[in-house]
């Protein structure tokens, strides 16, 4: 199978750093996406990793380890508006993109 | 440029009926994917169309079907609706999903089956 696993919920404080982990099946893997989804809205693209390492984009960074089947999304200097669900999605060889169930992040003052 | 447009935004149907949802991708995008989103299951992949051909299919019963037209617009049909089909149906378009091209999501169609 192509199970994508990520925590269901996380809570963090405004101004802090939070890391959201994601594990996936490595067979046929092509790349890893992170999407943000605010309640009642469509998911929006955050990042795409295909090579091992850390990709930084402003307050958000995404890391990938292909050999371990592991990725994380790092959010720095958390703001209240970062409260949302974060979806991890893996793309496989057969053009198949599988999503995790999402991690609901709550940022508290 | 215009984003991904899904119609209708909200729909209420009764069990046993059928429903057709529509998705207009971003101009120039040839790949359209459909997903079902429920609170407990997250985003579940239904199918992907590319240049009018179904290129990939998820693990949903045959009651769920789709098609894509020559202008890349796509429709999804669910027949013999069940209560469990109540969900948010999202459509995502990309130029070509191969190579990890970013996908853009529509606002979704909220289907309620009563």
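Protein chains in written order, with the numbering used here: chain A, 1 to 109; chain B, 110 to 223. Every residue, glycine too, gets a C-beta built ideally from N, C-alpha and C.
- DSSP, reduced to helix, strand and coil, places residue 193 of chain B within a helical segment of the structure shown.
- Under the three-pair Cβ rule at 8 Å, the region 2-15 of chain A counts as touching the region 68-87 of chain A.
- Shortest Cα-Cα distance from residue 154 of chain B to any of B:124, B:180, B:222 and B:196 involves B:196.
- Residue burial annotation: residue 170 of chain B is exposed, with fewer than 16 other C-beta atoms found within 10 angstroms of its C-beta.
- Taking C-beta atoms under 8 Å as the contact rule, residue 166 of chain B and residue 156 of chain B qualify, at a distance of about 5 Å.
- The beta carbon of residue 177 of chain B lies closer than 7 Å to those of 141, 158, 161 and 183 in the same chain, with the five residues before and after it left out.
- Here the alpha carbons of residue 134 of chain B and residue 20 of chain A stand approximately 30 Å from one another.
- For residue 128 of chain B, DSSP records a beta bridge to B:187.
- For residue 157 of chain B, the uninterrupted beta strand (DSSP E) run begins and ends at 151-159, by DSSP.
- Rounded to whole angstroms, the separation of the alpha carbons of residue 52 of chain A and residue 91 of chain A is 15 Å.
- The three-state secondary structure of residue 76 of chain A, taken from DSSP, is coil.
- Residue 104 of chain A is a Cβ neighbour of residue 8 of chain A, given a cutoff of 8 Å.
- The C-beta of residue 175 of chain B comes no closer than 8 Å to any C-beta of chain A.
- If you compare the alpha carbons of A:27, A:45 and A:26 with that of residue 35 of chain A, the shortest gap goes to A:45.
- Of the candidates A:3, A:29, A:18 and A:108, A:29 places its Cα closest to the Cα of residue 67 of chain A.
- Boundaries of the beta strand (DSSP E) harbouring residue 57 of chain A: 53-57, taken from the DSSP string.
- Assigned with DSSP and collapsed to three states, residue 68 of chain A falls in coil, not helix or strand.
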